[in-house]
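Okay, so here's the structure we're looking at.
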Amino acid sequence: MDIKFYNSLSNSVELFKPLHEGKVSMYVCGPTVYNYPHIGNMRPVVVFDTLRRFLTYVGYDVTYVSNFTDVDDKIINESIKENKTEKELTEFYIDQFKKTSAEIGSLLPNVTPKVTEYIKAIITYIQKLVELEAAYVVDGDVYFRVSKIQDYGSLSGININDLLVGARVEENIKKESPLDFALWKRTSIGVNWDSPWGKGRPGWHTECCVMIDTIFPDHFIDIHGGGYDLKFPHHENEIAQAEAMHHNKIARYWLHNAFINFGNEKMSKSVGNVILAKDLIEKYGGPTCRLVILNTHYRQPVNFTDETISAATQEVNKMTSAYRQIALQLQINNVDINQGKPEYIEKFLLAMADDLNTANALAELYVTIKDANQNLRNKEINLQKLTNLFKTLTDMFYILGLNITYKKLSDDDKLLYKKYLSTKADKQFDVSDKLRSILMEKEIL
-12 MDIKFYNSLS NSVELFKPLH EGKVSMYVCG PTVYNYPHIG NMRPVVVFDT LRRFLTYVGY
48 DVTYVSNFTD VDDKIINESI KENKTEKELT EFYIDQFKKT SAEIGSLLPN VTPKVTEYIK
108 AIITYIQKLV ELEAAYVVDG DVYFRVSKIQ DYGSLSGINI NDLLVGARVE ENIKKESPLD
168 FALWKRTSIG VNWDSPWGKG RPGWHTECCV MIDTIFPDHF IDIHGGGYDL KFPHHENEIA
228 QAEAMHHNKI ARYWLHNAFI NFGNEKMSKS VGNVILAKDL IEKYGGPTCR LVILNTHYRQ
288 PVNFTDETIS AATQEVNKMT SAYRQIALQL QINNVDINQG KPEYIEKFLL AMADDLNTAN
348 ALAELYVTIK DANQNLRNKE INLQKLTNLF KTLTDMFYIL GLNITYKKLS DDDKLLYKKY
408 LSTKADKQFD VSDKLRSILM EKEIL
């Protein structure tokens, strides 16, 4: 199966060819952990978890890495405000981020590195850049020399001359150029480490470079992902350092997801419309929140509105109802529920292979559900087809990360369902309604 992605580096759709046959290396920039994640933070979590699931399903051995930035000015300020150490603060919010990610249906990445675990490697990396004259030291600060990179701006499309013309009067007269960025910051405030340049902490743009460098032995990966807002300056500056260090652009494919809007407006702390992910998930459920995100192609903005949430809720209910009805019929008829084949998944996979087109993939899922419901309404149910439809839906739900479940029936459950059918047939509706309520509570119906 040919897989294609829109590569932000070339601004074109390209055929996916991994560096090593059968294996995929993927790194996605993770959160700075100083508060609960808002729903916007969940877009890359959902997008790249779905990508990882799809690639794994079609046979690739995926190494998926996503970091936690646990040292930052915001963290220091928040720890002072909450009267906690930086470690106490970040460990709490890392746990909260993992919890929320799981609730929205995402698997934990294979590796979740923390910046503070890589300080020694960061210092070594910066030292090497200084030796290569790609960085310079001024009064304990270390800056990257952007003038060393001829094609700086290749990812974001930003022109250096335009940046220089538009630059404000540079307050930091230590830098050779307004474009140069910090690799190491001298400081005695908050958490800091000893270095050849004095006490300080690393700059944001270097941290991801070093974690990729350390975790992936090729110093070059297949896919680098993140939000669209990271293209400049963060990802651009990552590429600059990698070009100076290894003469590559870190990744062969750069994938960027668009934003999440709330009520058709981009979420903003200044506007005050930032919605915490945990609150939305608690109110509407993980599958519904995830489906709102998946209903839109990852390169287009997602709108969380009353309408999109309501529509997603209805679709999740339809999925759940159909899935449980199939599981019920198979188990009542003593069919091995795990023996089906995903015979109806080809078009779904082709949609996913087309630049992760989850919207089109979902359309195929709905066709499958319609087919299943039609089969359930037949006087004579085709149990073999139903078994294959069940397997197809199971695989689709897995790839999309939709936590749609069914009940494994005990003998007592089967007797209860048969009693429900008999009382309903005998028009004992008071009894059948009570039994139906019990079956629904037990998530059988």
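Note that the sequence shown covers residues -12 to 432 in the working numbering. No residue lacks a Cβ here, since even glycine has one placed at the ideal position from N, Cα and C. Just so we're clear, the structure is a prediction, and the values are computed from it rather than from any experiment.
Buried versus exposed, by CB contacts within 10 Å (16 or more), P183: Translated into the one-based positions of the sequence shown, residue 183 becomes position 196. Looking at its Cβ environment, which holds fewer than 16 other Cβ atoms inside 10 Å, P183 is exposed.
The alpha helix (DSSP H) that contains R311, what's its start and end? Stepping through the sequence shown from its first residue, residue 311 is reached at position 324. R311 -> alpha helix (DSSP H) spans 293 to 319.
Around the Cβ of R39, are there at least 16 other Cβ atoms within 10 angstroms (buried) or fewer (exposed)? As a first step, residue 39 is located in the sequence shown; it is residue number 52 there, counting from the start. When all chains shown are included, R39 counts as buried.
Cβ neighbours of F377 in the same chain (closer than 7 Å, five flanking residues each side left out): The sequence position of residue 377 within the sequence shown is 390, counting from 1. The residues are I313, A314, L317, I324, G327.
Residue range of the beta strand (DSSP E) that P189 falls in? Locating residue 189 in the sequence shown gives position 202, counting from the first residue. Note, P189: beta strand (DSSP E), 187 to 189.
Which residues mark the beginning and the end of the alpha helix (DSSP H) in which T50 is found? On the sequence shown, position 63 is the one that residue 50 refers to. Run containing T50: none in the alpha helix (DSSP H); it sits in the beta strand (DSSP E), 48 to 53.
DSSP three-state call for V156: helix, strand or coil? Position 169 of the sequence shown, counted from the first residue, corresponds to residue 156. Note that V156 scores a pLDDT of 42, beneath 50, so its modelled location is shaky; the value from the coordinates is reported in the next line. Of the three classes helix, strand and coil, the one that applies to V156 here is coil, per DSSP.
For a test of the three-state rule: what should DSSP assign to D209, helix, strand or coil? In the sequence shown, counting from the first residue as 1, residue 209 sits at position 222. In this structure, D209 counts as strand in the three-state DSSP scheme.
Would you call the region 96 to 108 and the region 197 to 204 touching, i.e. three or more CB-CB distances under 8 Å? yes
How many whole angstroms separate the CB atoms of T19 and I62, which I take to be in contact at a CB cut-off of 8 Å? In the sequence shown, the residue the question calls residue 19 occupies position 32. In the sequence shown, the residue the question calls residue 62 occupies position 75. At roughly 7 Å, the Cβ-Cβ gap stays under 8 Å, so T19 and I62 are in contact.
Starting from L2 and walking both ways along the beta strand (DSSP E), at which residues does that stretch end? The residue given as residue 2 occupies position 15 in the sequence shown. From DSSP, the beta strand (DSSP E) with L2 extends over -1 to 2.
DSSP three-state assignment for I(-10), whether helix, strand or coil: Within the sequence shown, residue -10 is the residue found at index 3, counting from 1. It is coil, neither helix nor strand.
Whose C-beta lies closer than 7 Å to the C-beta of E225 among residues of the same chain, with five residues either side of it excluded? Start at 1 with the first residue of the sequence shown, and residue 225 comes out as number 238. Taken in chain order, the residues that qualify are H192, C195, C196, I237.
Taking 8 Å as the cut-off, decide whether the C-beta atoms of N375 and Y404 are in contact. Taking the first residue of the sequence shown as 1, we reach residue 375 at position 388. Taking the first residue of the sequence shown as 1, we reach residue 404 at position 417. Taking 8 Å as the Cβ cut-off, N375 and Y404 do not qualify as a contacting pair.
Closer than 7 Å by C-beta to A229: which residues in its own chain qualify, once you throw out the five before and the five after it? Chain order, please. The residue labelled residue 229 in the question sits at position 242 within the sequence shown. The answer, listed in chain order, is C196, N235, K236, I237.
Unbroken alpha helix (DSSP H) run spanning H233, endpoints: Residue 233 sits at position 246 when you count from the first residue of the sequence shown. 223 to 233 is the span of the alpha helix (DSSP H), which, as asked, contains H233.
D341 bridges to which residues according to DSSP? Against the sequence shown, residue 341 aligns to sequence position 354. For D341, which the question treats as bridged, DSSP gives the partners K(-9).
Report buried or exposed for M306, applying the criterion of at least 16 other Cβ atoms within 10 angstroms of its Cβ. Along the sequence shown, read from residue 1 onward, the residue named residue 306 stands at position 319. M306 should be labelled buried.
Taking Cβ positions, are I391 and Y310 nearer each other than 8 Å? Position 404 of the sequence shown, counting from 1, holds the residue named residue 391. Position 323 of the sequence shown, counting from 1, holds the residue named residue 310. Yes, the pair counts as a contact, with Cβ atoms nearer than the cut-off.
Buried/exposed call for N321, threshold 16 Cβ in 10 Å: Residue numbering aside, residue 321 sits at position 334 when the sequence shown is read from its first letter. It counts as exposed.
Nearest candidate by alpha-carbon position, reference Q83, set D266, Q137, W171, G250: The residue given as residue 83 occupies position 96 in the sequence shown. For Q83, the nearest C-alpha among the options comes from D266.
Taking C-alpha atoms, which residue in E294, T37, A227, K(-9) lies nearest to P96? Indexing the sequence shown from 1 puts residue 96 at position 109. Ranking E294, T37, A227, K(-9) by Cα distance to P96 puts T37 first.
Pick helix, strand or coil for V98, following the three-state DSSP scheme. Locating residue 98 in the sequence shown gives position 111, where the first residue counts as 1. Correct three-state label for V98: strand.
Let me know the secondary structure DSSP gives A348 once reduced to three states. The residue labelled residue 348 in the question sits at position 361 within the sequence shown. DSSP places A348 in helix when its eight states are reduced to three.
Is V11 helix, strand or coil by DSSP? One-based indexing of the sequence shown puts residue 11 at position 24. Three-state result, V11: strand.
Selection from V261, C16, Y105, Y407 that minimises the alpha carbon distance to S53: Residue numbering aside, residue 53 sits at position 66 when the sequence shown is read from its first letter. When only C-alpha atoms are compared, the closest one is C16.
Distance, N22 Cα to E78 Cα: Here residue 78 refers to the residue found at position 91 of the sequence shown. Here residue 22 refers to the residue found at position 35 of the sequence shown. Cα to Cα, E78 sits roughly 11 Å from N22.
Quick one: give me the first and last residue of the alpha helix (DSSP H) that Y385 is part of. Position 398 of the sequence shown holds residue 385. Unbroken alpha helix (DSSP H) run through Y385: 370 to 387.
Does the separation of the CB atoms of I91 and A348 fall below 8 Å? Position 104 of the sequence shown, counted from the first residue, corresponds to residue 91. Position 361 of the sequence shown, counted from the first residue, corresponds to residue 348. Cβ distance not < 8 Å, so I91 and A348 don't count as in contact.
By alpha-carbon positions, which one of V34, P24, Y51 ends up nearest to T87? Here residue 87 is taken as the residue at index 100 of the sequence shown, counted from 1. Out of V34, P24, Y51, P24 has the C-alpha closest to the C-alpha of T87.
Please classify P204 as buried or exposed, where buried requires at least 16 other C-beta atoms within 10 Å of its C-beta. The sequence position of residue 204 within the sequence shown is 217, counting from 1. Its Cβ having fewer than 16 others within 10 Å, P204 is exposed.
Compare the beta carbon distance of G127 and G185 with 8 Å and say whether it is the shorter of the two. Indexing the sequence shown from 1 puts residue 127 at position 140. Indexing the sequence shown from 1 puts residue 185 at position 198. Taking 8 Å as the Cβ cut-off, G127 and G185 qualify as a contacting pair.
Buried or exposed for K107, please, with buried defined as at least 16 other CB atoms from any protein chain shown within 10 angstroms of its CB. For this step, residue 107 is matched to residue 120 along the sequence shown. Answer is exposed; the Cβ neighbour count stays below 16.
Strictly by DSSP, which residues pair up with K508? It is not possible to answer for residue 508, since the shown part of the chain is limited to -12 through 432.
Between which two residues does the alpha helix (DSSP H) holding A412 run? Within the sequence shown, residue 412 is the residue found at index 425, counting from 1. It spans 398 to 412 - the alpha helix (DSSP H) in which A412 sits, taken as one unbroken run.
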